[in-house]
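2 protein chains.
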Amino acid sequence: MAISENITRAIEELSQIFGDRLHTSQSVRSHHGQDESWHEGALPDAVLMAHETEDVVKAVKICATYQMPIVAFGAGSSVEGQVIPTQGGLCINFTEMNKVLEIRSEDFDVSVQPGVTRKQLNMELRHQGLMFPVDPGANATIGGMTATRASGTTSVRYGTMEDNVVSLTVVTADGRVIKTAQRARKSSAGYDLTHLFVGSEGTLGIITEITLRLYPIPEAISSAVASFPDMESAINAVITTLMYGVPIARIELLDGLTIEAVNTYLKSTHAVKPTLFLEFHGSEVSVKEQAETVGGICAEFDSADFIWKTLEEDRNALWEARHNGALAVMAMRPGAELLATDVCVPISRLAEMIEKSQQYLEDDGIYGPLMGHVGDGNFHFVIPVDRTNTEEFAKIKAFCARLAADAIAMDGTCTGEHGIGLGKQSLLTEELGECVDYMRLIKQSFDPNNIMNPGKIFSLTAS
Amino acid sequence: MAISENITRAIEELSQIFGDRLHTSQSVRSHHGQDESWHEGALPDAVLMAHETEDVVKAVKICATYQMPIVAFGAGSSVEGQVIPTQGGLCINFTEMNKVLEIRSEDFDVSVQPGVTRKQLNMELRHQGLMFPVDPGANATIGGMTATRASGTTSVRYGTMEDNVVSLTVVTADGRVIKTAQRARKSSAGYDLTHLFVGSEGTLGIITEITLRLYPIPEAISSAVASFPDMESAINAVITTLMYGVPIARIELLDGLTIEAVNTYLKSTHAVKPTLFLEFHGSEVSVKEQAETVGGICAEFDSADFIWKTLEEDRNALWEARHNGALAVMAMRPGAELLATDVCVPISRLAEMIEKSQQYLEDDGIYGPLMGHVGDGNFHFVIPVDRTNTEEFAKIKAFCARLAADAIAMDGTCTGEHGIGLGKQSLLTEELGECVDYMRLIKQSFDPNNIMNPGKIFSLTAS
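If you read the protein sequences in the order shown, they are chains A and B. For the first sequence, position 75 matches number 75 in UniProt numbering, and the numbering has no gaps at all. For the second sequence, position 394 matches number 394 in UniProt numbering, and the numbering has no gaps at all.
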């Protein structure tokens with residue numbers, strides 16, 4: 001039992017340094033053994049509440065000595081099992097390391113600790129007229145969003161975490177601290193380590209500080225909702241909007257099933273049809289023009305009800321259905337766990353892709369309402385699952401595999417924004433082939449003892 | 001002489017495969033021994049005119065066998081010595097591998113071979129109402145722009161190559177072909193290899209196909225020029241414009257010295273003052289609004305002459321000074337070589353940075369006109385150098401080192417868009433410290449025999 005002896009000694013040393021910030025009780029460990037996905041949980045051996053980069057350095061050095069796995073934990077809102085400590089080890093919780101360190105309004109950037117949530121950040125930015133637009137839905141931490149390369153509803157206009165992380169402070173597997181870039185808006189100085197760590201799901205190092213790009217809060221915001229007779233018309237309206245160069249801020253699609261769930265959940269009476277939720281950002285003049293242009297496009301594609309609102313209260317009411325989509329769907333099957341598909345395809349293939357996969361769902365009798373960031377070609381089926389119903393669960397997993405294979409065949413990806421985690425490792429190889437060998441080379445050279453979130457993204461031995 | 005024997009045998013094998021597409025004449029080799037920088041040239045042992053990915057695979061496999069260095073060559077417009085084959089070897093010229101492979105207008109992307117130049121690409125895109133906006137000035141190849149992480153005048157609005165490369169096909173050091181990503185607009189599938197190769201200056205593999213993001217040609221474009229009493233006023237006008245959220249497409253600064261050179265070169269009569277060149281993209285309504293807003297801002301910062309044009313011919317005339325800036329400066333010192341500095345700092349420090357460095361130039365008696373992509377905080381002193389004047393040249397190099405050190409101290413970078421190449425290797429370490437060790441780890445694991453553009457970006461042994 002050399003391994004458990006090692007872990008025991010590591011915990012002793014950690015405990016001496018961190019005192020009551022190191023937790024080993026069953027209840028705290030259970031709290032850190034699961035994310036929001038259907039993946040089976042596992043317990044960490046201990047949980048550290050980190051407060052500063054130096055804490056992480058000390059912890060990593062001890063873990064390196066005893067080859068104890070390390071998993072970073074933020075809001076626990078990952079949906080592919082990223083934070084589940086499948087090999088036990090130390091969970092580093094960042095929720096108490098949540099300071100907005102410096103807002104630099106002239107430079108449109110901010111430095112934050114990883115435990116800052118996106119809502120907290122926007123609250124602190126608001127009085128300076130600034131915002132951080134990336135919005136994955138959940139009130140995730142910036143650390144988690146960075147590690148997963150998150151995106152969401154606003155990426156069609158403002159990009160993903162990929163586009164909005166300026167620089168990272170990272171504690172590497174041997175406990176060194178590196179800062180991956182300066183704060184210049186752009187740089188050609190050597191290999192881009194920043195974007196290597198963005199989306200690395202904690203497997204290459206622990207992110208302890210993030211500098212993000214900011215945007216001025218637009219002078220005017222307006223929102224609109226439009227329903228369509230069918231999916232293809234809705235998507236053609238999206239494509240035409242992009243072709244016209246309308247700088248649309250959000251363009252989201254819900255299908256009839258989602259609308260139905262929302263109507264039940266919110267006691268609303270939306271038309272049970274494919275529906276676009278839109279948001280426009282800009283000057284008063286520009287927002288008006290955008291809404292008029294898009295209103296015209298929607299009418300052209302047979303939308304009968306383009307509703308357009310400018311007051312914040314009215315806008316929120318309009319978007320309520322979108323914001324409650326996933327909750328409403330999960331409420332249809334109380335007690336079920338969440339399985340969210342996440343394919344993203346070139347937009348020219350989107351209508352075909354959605355039609356084909358909805359047909360699969362119908363053929364297989366699977367309940368899977370759709371919601372999507374369609375300006376990016378990314379959509380989710382939100383499927384409530386009961387893993388104890390093994391037959392149904394097998395059918396759902398087969399559907400997911402077929403969906404991803406179709407997306408890959410269309411030059412798309414098996415994950416637009418959720419990441420690979422535990423559930424999509426074979427799909428990663430299906431999608432990127434020998435690239436995975438090069439990812440392994442990087443992992444092995446950065447973390448030769450494989451202590452950084454081991455077992456995530458890919459296994460170290462080629463399959 | 002084992003090395004030269006190896007090279008001889010490699011050339012024999014290459015020659016058998018490629019026939020008259022392999023060149024070993026002195027004249028062809030000389031043509032591939034230099035870029036547009038002041039760095040001392042060196043001759044490759046042979047030059048291959050590549051036509052397809054498979055050519056590169058065959059060549060790399062032979063070079064791997066005989067440990068022959070490989071340097072990719074496009075337009076030869078690099079300015080930090082990136083294409084100079086300092087250790088000899090095989091130069092792979094991509095100018096005949098220059099097909100636009102597929103334009104996908106609905107998906108706003110295009111796949112091209114590396115030898116396509118940006119002007120050629122935009123000619124081919126134009127009739128579909130699309131454009132590729134990244135504009136580094138030179139008519140560089142897309143392959144070179146990708147490898148150097150180029151940017152230029154439009155990055156304030158459209159981003160750099162970093163933001164606009166979707167996927168790459170790369171021949172790695174052992175002759176394998178990998179495709180780094182699918183065409184989905186976004187993805188969270190594993191480590192971001194695409195952006196690892198962007199900016200890797202040919203040291204990790206040879207790029208043989210690039211998929212780029214495209215944009216609709218804006219409905220309306222207008223341009224403006226405004227001169228200011230001093231540098232600080234000009235930069236404050238830039239910062240205020242960004243604060244207002246004006247989606248400005250270009251915002252370029254020339255100093256009085258550059259204007260003076262341009263006046264001589266073009267026989268024009270521009271006011272010899274710090275001058276902003278601006279471009280607005282959008283709908284008719286939006287472009288008009290943007291120009292009016294920025295006109296107001298410029299007046300607020302004491303610009304006396306905001307000139308605004310919408311017709312293409314008038315716009316081109318207005319921008320002529322900017323486009324001829326570097327040529328005009330070089331014409332002031334016939335026979336001199338080009339040394340262009342390239343620091344980029346957070347915009348809040350830009351005025352201070354420029355003022356300080358202009359003071360250095362004055363103190364040292366160095367002629368260095370300024371032109372800058374000031375919306376990004378990036379600016380160049382274009383310095384004509386005579387390397388045989390060793391005293392002056394030493395002074396210029398000392399100035400460059402001081403400039404970079406100041407930029408780094410301001411949380412900026414020693415290179416906004418030109419790359420590290422030969423000239424900035426010690427600055428890279430100054431800027432990013434131990435990050436360079438991690439870059440080395442990647443290099444060593446991807447290219448263990450160091451045949452891919454050896455000696456560029458960093459040396460393999462830590463200094």
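Positions of the beta carbon are idealized from the N, C-alpha and C atoms, including for glycine.
Status (buried if at least 16 other CB within 10 Å, exposed otherwise) for residue i
i, result
"A/ILE251", "buried"
"A/PRO218", "buried"
"A/GLU12", "exposed"
"A/PRO369", "buried"
"B/LEU168", "buried"
"A/ALA398", "exposed"
"A/GLN359", "exposed"
"A/PRO69", "buried"
"B/MET1", "Confidence in B/MET1 is poor, its pLDDT being 43 and thus under 50, which makes the residue's placement unreliable; the coordinate value appears in the next sentence. Counting Cβ neighbours within 10 Å, B/MET1 comes out exposed, since fewer than 16 surround it."
"B/LYS179", "buried"
"A/ALA59", "buried"
"B/GLY19", "exposed"
"B/ILE3", "exposed"
"B/GLN290", "buried"
"A/GLU431", "buried"
"B/SER459", "exposed"
Euclidean distance between Cα positions of residue i and residue j
i, j, result
"A/ARG21", "A/HIS31", "15 Å"
"B/TYR438", "A/GLU106", "32 Å"
"B/GLY175", "A/THR141", "41 Å"
"B/THR429", "A/HIS323", "46 Å"
"B/ARG149", "B/THR160", "7 Å"
"A/GLU5", "A/PHE446", "26 Å"
"A/LEU311", "A/ALA220", "10 Å"
"B/MET330", "B/VAL374", "22 Å"
"A/ASP302", "A/PHE228", "6 Å"
"A/GLY76", "A/SER25", "18 Å"
"B/ASN122", "B/ALA271", "33 Å"
"A/THR53", "B/GLY455", "34 Å"
"A/ILE7", "A/ALA46", "9 Å"
"A/ALA181", "B/GLY377", "15 Å"
"B/ARG118", "A/ARG126", "40 Å"
"A/LYS61", "B/ALA189", "29 Å"
"A/VAL177", "A/CYS414", "33 Å"
"A/MET371", "A/ILE408", "20 Å"
"B/GLU124", "B/TYR215", "14 Å"
"A/VAL225", "A/THR65", "56 Å"
"A/PRO334", "A/ALA401", "25 Å"
"A/GLU417", "B/ASP314", "45 Å"
"B/SER463", "B/ILE457", "Low per-residue confidence applies at B/SER463: pLDDT is 47, beneath 50, and the placement is therefore not dependable enough to give any value."
Beta-carbon proximity check, residue i vs residue j, cutoff 7 Å
i, j, result
"A/VAL382", "A/ALA340", "yes"
"A/ASN98", "A/VAL83", "no"
"B/THR154", "B/PRO133", "yes"
"B/LEU43", "B/ARG29", "yes"
"B/LEU48", "A/CYS435", "no"
"B/ALA261", "B/MET353", "no"
"A/VAL246", "A/THR293", "yes"
"A/PHE280", "A/VAL287", "yes"
"B/ALA50", "B/VAL57", "no"
"A/THR240", "A/GLY205", "no"
"B/ILE207", "B/GLY143", "yes"
Identity of the residue in the options nearest residue i by Cα
i, options, result
"A/GLU337", "A/SER357, A/GLN358 and A/PHE393", "A/PHE393"
"A/PRO283", "A/SER15, A/ILE7, A/ALA147 and A/SER222", "Per the sequence shown, the amino acid found at residue 283 of chain A is Ser instead of Pro. When only C-alpha atoms are compared, the closest one is A/SER222."
"B/ILE259", "B/GLU352, B/LEU327 and B/PRO85", "B/LEU327"
"A/GLU391", "A/SER37, A/LEU214, A/GLY129 and A/GLY365", "A/GLY365"
"A/VAL100", "A/ILE92, A/LEU90, A/GLU300 and A/SER111", "A/SER111"
Nearest-angstrom beta carbon gap, residue j and residue i [assumed within contact, 8 Å]
i, j, result
"B/SER233", "A/ARG104", "Going by Cβ atoms, the distance from B/SER233 to A/ARG104 rounds to 22 Å, so no, they are not a contact pair."
"A/GLY295", "A/PRO274", "17 Å between Cβ atoms; not a contact."
"B/LEU196", "A/LEU196", "6 Å"
"B/ALA321", "B/LEU266", "7 Å"
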